[in-house]
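> The sequence shown: position 224 = 208 (our numbering), numbered continuously.
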Amino acid sequence: MEIKFLGSGSGKTSLKRFHSSLYFSTNEYNLIVDAGDGISKAILSQQISFNQINGILISHLHPDHFAGLSGLIVQMKLQARTIALDIFIHKNLAETVRKNLYQSYIFNEKLDFEINYIEFEEAEQIKINKEISFIPKQNSHLDKYKKYDKLNLMSFSCSSFLFVGEGKKIFFTGDIGNDSDLYLFSDYEIDLMITEISHVSLMEIYIAGKKLNAKKIYLTHISDEDEEDINKFLNSLEPIERGNIVTAYDGMAFNI
Ligand SMILES: [Zn+2]
Ligand SMILES: [Zn+2]
């Protein structure tokens, strides 16, 4: 299985990095995790065909993770796609996503391919195929908005994920609220950690990596301004530790 960073940027639009998105590629199935603004161009930049993508998993509905979904589906239609597309989405967000596509004039009858919504619940293990599965857990990223929803209309679902594939466990934080979210999967033996850096400090990530025994940490969701801080932090570490913390860039790929 190959994991590639389609985007490693933060919520700030940058000329250096697309918004945060991961690409999991297995023999039979290719999954994108998050589809923010610019995702279609990020995919093209990596020489990936829209029709190679079998599924899209959405962590939450911030524009840097979700705003590109309808545009990406339109690109699939324009490429005369016929193979089905899976959309993995928390059950509390599924209706919003369906409506968003409908209101973007994406009507099922107009597509030559099916969209299968796979709605997941908290802590449920979702099997993507025989090679890869994931477990979602609610994190605190969106808690700060709850006070604004006076009419109680919104779901504030935002998931972190544990991906399981090839006997390895990969913890992908997605966007989180604070460092306690780094321990959502502390009951598991984690091999790799892919973490955002916008809402936690590098020291908090470093400590969590130690406590969780993660063999390698990939840093993503990076703004242009963050790069200097990351370099400073990494340079303050012993060389042997520095090698286990990797700053992601768009197009960076590794096999597990
Ligand atoms: Zn984000
Ligand atoms: Zn977010």
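For every residue, glycine included, the Cβ atom is placed at its ideal position computed from N, Cα and C.
In this text, all values refer to a predicted model and were calculated from it rather than measured experimentally.
Between which two residues does the alpha helix (DSSP H) harbouring residue 29 extend?
Indexing the sequence shown from 1 puts residue 29 at position 45. 23 to 29 is the span of the alpha helix (DSSP H), which, as asked, contains residue 29.
> Roughly how many whole angstroms lie between the Cα atoms of residue 15 and residue 9?
For the purposes of this step, residue 15 is identified with residue 31 of the sequence shown, where counting begins at 1. For the purposes of this step, residue 9 is identified with residue 25 of the sequence shown, where counting begins at 1. The straight-line gap from Cα to Cα measures roughly 6 Å.
> Determine which residues share a DSSP beta bridge with residue 143 and list them.
In the sequence shown, residue 143 corresponds to position 159, counting from 1. Residue 143 is bridged to 122.
> By the 10 Å Cβ neighbour count, where 16 or more other Cβ atoms means buried, how is residue 187 classified, buried or exposed?
As a working mapping, residue 187 is identified with position 203 in the sequence shown. The residue is exposed, with fewer than 16 neighbouring Cβ atoms inside 10 Å.
> On the premise that residue 18 lies in contact with residue 49, defined as a C-beta separation below 8 Å, what is that separation, rounded to the nearest angstrom?
The sequence position of residue 49 within the sequence shown is 65, counting from 1. The sequence position of residue 18 within the sequence shown is 34, counting from 1. Correct: roughly 4 Å between the Cβ atoms.
> Within a Cβ cutoff of 6 Å, which residues of the same chain sit near residue 116, ignoring the five residues on either side of it in sequence?
Counting from one through the sequence shown, the residue named residue 116 turns up at place 132. Result list for residue 116: 10, 149, in chain order.
> Relative to the C-alpha of residue 46, which candidate in -1, 68, 60, 21 has its C-alpha closest?
Looking up residue 46 in the sequence shown gives position 62. Nearest option by C-alpha distance: 21.
> Pull up the distance between the alpha-carbon of residue -11 and that of residue 63, whole angstroms please.
What you label residue -11 is simply residue 5 of the sequence shown in a count that begins at 1. What you label residue 63 is simply residue 79 of the sequence shown in a count that begins at 1. Cα to Cα, the separation comes out at about 23 Å.
> Mind checking residue 1: buried by the 16 CB within 10 Å criterion, or exposed?
Locating residue 1 in the sequence shown gives position 17, counting from the first residue. By the neighbour-count rule (16 or more Cβ atoms within 10 Å), residue 1 is buried.
> Relative to the C-alpha of residue -14, which candidate in 85, 77, 12 has its C-alpha closest?
Counted from its first residue, the sequence shown places residue -14 at position 2. Minimum Cα distance to residue -14 is reached at 12.
> Relative to the alpha-carbon of residue -1, which residue among 33, 84, 208, 227 has its alpha-carbon at the smallest distance?
The sequence position of residue -1 within the sequence shown is 15, counting from 1. Checked all of 33, 84, 208, 227; the closest Cα to residue -1 is 208.
> I want to check one thing, is the minimum distance from the CB of residue 125 to the heavy atoms of ligand 2 below 7 Å?
Locating residue 125 in the sequence shown gives position 141, counting from the first residue. Within the cutoff, so yes.
> Any heavy atom of ligand 2 closer than 7 Å to the beta-carbon of residue 49?
For the purposes of this step, residue 49 is taken as residue 65 along the sequence shown, with counting starting at 1. Yes.
> Which one of 107, 157, 234 has the shortest CA to CA distance from residue 182?
For the purposes of this step, residue 182 is taken as the residue at position 198 of the sequence shown. Comparing Cα positions, the closest option is 157.
> Does the region 92 to 100 come within contact of the region 126 to 140, defined as at least 3 CB pairs closer than 8 Å?
As far as the Cβ criterion goes, the region 92 to 100 does not touch the region 126 to 140, which means the pair count is below three.
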